[in-house]
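The working numbering puts the first residue of the sequence shown at 51, with every later residue one more than the last.
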Amino acid sequence: MALIVQKFGGTSVADIARIKHVATRVKHEVEAGNQVIVVVSAMSGVTNQLVDYCNEVSNLMTDAARANADHVIAAGEQVTSGLLALELQSLGLPARAWSGWQLPLSTDTRYGKARIVHIDTKSILDSLAEGTVAVIAGFQGVSPEGRVTTLGRGGSDTSAVAIAAAFNAERCDIYTDVDGVYTCDPRIVKKAKKLDKVSYEEMLEMASLGSKVLQTRSVELAMNYRVKVQVLSTFDERPADQLPGTLLVDEEDLVEQQRVTGLAYSRDEARITLVNVENCPGVSAGIFGPLADHGINVDMIVQNVTEDGKQTDITFTVGKADLARGLEVLKTAPGIPHYETVHTDAGVAKISVIGVGMKSHAGVASEMFRTLAEKSINIIVISTSEIKISVLIDESYIELALRALHTVYGLDAVEEQSC
Ligand code: ADP
Ligand code: ASP
Ligand code: MG
51 MALIVQKFGG
61 TSVADIARIK
71 HVATRVKHEV
81 EAGNQVIVVV
91 SAMSGVTNQL
101 VDYCNEVSNL
111 MTDAARANAD
121 HVIAAGEQVT
131 SGLLALELQS
141 LGLPARAWSG
151 WQLPLSTDTR
161 YGKARIVHID
171 TKSILDSLAE
181 GTVAVIAGFQ
191 GVSPEGRVTT
201 LGRGGSDTSA
211 VAIAAAFNAE
221 RCDIYTDVDG
231 VYTCDPRIVK
241 KAKKLDKVSY
251 EEMLEMASLG
261 SKVLQTRSVE
271 LAMNYRVKVQ
281 VLSTFDERPA
291 DQLPGTLLVD
301 EEDLVEQQRV
311 TGLAYSRDEA
321 RITLVNVENC
331 PGVSAGIFGP
341 LADHGINVDM
351 IVQNVTEDGK
361 QTDITFTVGK
371 ADLARGLEVL
381 KTAPGIPHYE
391 TVHTDAGVAK
401 ISVIGVGMKS
411 HAGVASEMFR
421 TLAEKSINII
431 VISTSEIKIS
441 VLIDESYIEL
451 ALRALHTVYG
461 LDAVEEQSC
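Okay, here's the thing in structure tokens:
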């Protein structure tokens with residue numbers, strides 16, 4: 051008897067009709083002789099609504115406030131887990147709904163973006179052994195202080211993969227509103243192609259660079275614990291083994307390594323430029339140290355030294371939501387090096403080209419720069435790794451840039467000819 055984890059995202063449980071459909075999928079796996087753990091998200095839109103409520107009553111600047119906010123924000127998953135367990139019972143299947151704290155799924159105390167530290171498997175194993183389906187509320191855990199935590203937006207993916215790893219599940223099926231991982235977000239690039247397989251490494255880059263089809267942390271866990279994860283359509287009625295989804299695999303298992311596997315984008319970028327900073331040792335530490343101390347993640351960084359070498363401009367990016375706080379830190383934190391002025395721009399976006407094939411193929415970057423130049427798109431900052439190139443551009447050019455690059459790298463789906 052195999053143990054399967056099935057995860058259903060917000061669209062999959064968007065209303066009672068969808069929840070009923072999910073229940074039939076679960077029933078199918080049970081009838082195939084499997085033990086099933088289901089992980090659910092909140093109904094689509096519900097978590098946004100709960101976050102908005104919190105923002106209306108608090109600026110959420112303190113840990114104490116974020117802890118109370120998590121109590122609210124985690125509520126959506128409690129509703130869907132209960133409803134699905136009820137529907138399964140109506141279909142004649144023993145089922146029990148679980149909140150994160152009941153397992154417990156233990157996390158650290160970083161409210162709003164907590165990390166899982168341990169999952170206690172005993173109660174669920176006992177329950178599965180009695181033939182009961184476990185329906186677990188995703189996205190949530192419990193801190194050492196006994197408070198509800200959430201795992202960051204999109205965190206139900208992470209709950210599911212972590213649970214699959216903890217229970218040594220045979221598969222972790224992630225059901226969502228697309229039928230797999232595409233070469234680019236299919237909502238933006240209509241010609242995007244579905245990938246049958248994608249390596250853990252590439253998926254990790256795609257997720258962390260903005261492809262929200264899987265939460266970054268879930269891919270990290272899948273890679274570290276070698277969890278067999280597949281992304282599948284919630285709308286396709288066929289059984290899981292007949293669904294043409296996307297499987298995460300080891301790099302060596304990719305028969306053919308494309309130069310470029312996919313493109314990603316992120317609108318959640320804001321640029322800060324410090325003009326005429328004194329150019330001497332310790333300047334970068336003096337700027338980025340205090341930002342890190344205030345929990346502000348800095349992403350891309352570029353530095354331009356003046357001709358005489360005495361001064362430098364430093365440009366970097368932070369998440370849009372951190373822009374105001376970042377400026378406050380730069381203005382008020384002790385020890386920040388002197389700078390003449392600061393410019394900011396929240397109308398920027400990052401687009402990235404990803405592919406393990408880049409390790410062995412030259413020219414991917416120059417092709418990217420040439421394509422953007424041909425479209426008169428200015429590059430503000432560039433950053434690279436072994437398997438990705440990212441550039442910061444004006445946000446209004448995202449779609450134009452992605453479509454052009456998608457074509458240039460030969461990623462466009464071939465249109466089917468009608469006869
Ligand atoms: P769920 O609620 O099921 O977790 P999400 O909205 O979090 O679903 O993730 C699915 C969405 O991810 C898709 O609707 C799609 O627009 C987006 N997406 C972004 N990049 C990609 C990609 N490369 N492949 C597939 N989907 C992508
Ligand atoms: N409901 C949460 C969110 O919207 C978690 C998830 O959907 O994965 O971010
Ligand atoms: Mg998601």
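Glycine is no exception: its CB is placed at the ideal position from the N, C-alpha and C atoms.
- Y161 and A117 do touch by the CB rule: their CB atoms are close to 5 Å apart, below 8 Å.
- Within the same chain, and ignoring the five residues on either side of L100 in sequence, the residues whose Cβ sits closer than 7 Å to its Cβ are V122, I123, A125 and G126.
- Y225 has its Cβ nearer than 8 Å to a heavy atom of ligand 1.
- Fewer than three beta-carbon pairs drawn from the segment 125-144 and the segment 107-114 are found closer than 8 Å, and the two stretches are therefore not classed as touching.
- When C104, Y103, K57 and A82 are compared, the shortest CA-CA separation from A92 is found for K57.
- Shown here for Q361: same chain residues with a beta carbon closer than 6 Å to its own, the five before and five after excluded, namely N326 and N329 in chain order.
- Counting along the chain, L450 sits inside the alpha helix (DSSP H) bounded by residues I448 to V458.
- In this structure, DSSP gives I386 a state outside helix and strand, which the three-state scheme calls coil.
- In summary, G230 is buried, with 16 or more beta-carbon neighbours lying within 10 Å of its beta-carbon over all protein chains present.
- A direct Cα-Cα distance of roughly 14 Å separates L155 from K163.
- For Q353, DSSP records a beta bridge to I364.
- In terms of Cβ geometry, V55 and V76 do not form a close pair [threshold 9 Å].
- For V269, the secondary structure class from DSSP, reduced to helix, strand or coil, is helix.
- DSSP places H168 inside the beta strand (DSSP E), whose first and last residues are I166 to I169.
- For V129, the uninterrupted alpha helix (DSSP H) segment begins and ends at A125 to S140.
- The beta carbon of S94 lies closer than 6 Å to those of G60, T61 and A64 in the same chain, with the five residues before and after it left out.
- Taking 9 Å as the cut-off, the Cβ atoms of G260 and D349 do not count as close.
- Rounded to whole angstroms, the gap between the alpha carbons of A67 and E106 is 31 Å.
- Residue nearest to D235 within the set D207, N274 and L264 is L264 (criterion: CA-CA distance).
- Within the model, the alpha-carbon separation for S446 versus E436 is close to 28 Å.
- Residue pairing by DSSP places H411 in no beta bridge whatsoever.
- The C-alpha of G204 lies about 29 Å from the C-alpha of D176.
- Contact annotation: S433 and I439 have beta-carbon atoms nearer than 9 Å.
- Taking C-beta separations shorter than 6 Å and ignoring five residues to either side along the sequence, Q292 has no partners in its chain.
- At least one heavy atom of ligand 3 falls within 8 Å of the beta-carbon of K262.
- Just measuring C-alpha positions, the residue of A215, P340, W151 and V406 sitting nearest E195 is W151.
- In this structure, Q265 has its CB closer than 8 Å to one or more heavy atoms of ligand 2.
- The residue from G188, I174 and F189 with its alpha-carbon nearest to that of T182 is I174.
- Our two residues, A219 and A52, have alpha carbons roughly 7 Å apart in a direct line.
- Pairwise C-beta distances place the segment 399-413 out of contact with the segment 378-387, as fewer than three of them are shorter than 8 Å.
- Listed in chain order, the alpha helix (DSSP H) runs fully inside the segment 256-342 are 266-275, counting runs of at least 4 residues.
- Between the alpha carbons of L138 and L254 lies a distance of about 34 Å.
- Taking the C-beta atoms as reference points, L313 is found nearer than 9 Å to I401.
- In the structure shown, the three-state DSSP call for I238 is coil.
- Non-local beta-carbon contacts of P387 in its own chain, meaning distances under 7 Å to residues more than five positions away in sequence, involve V327, E328, V333, G336 and I337 in chain order.
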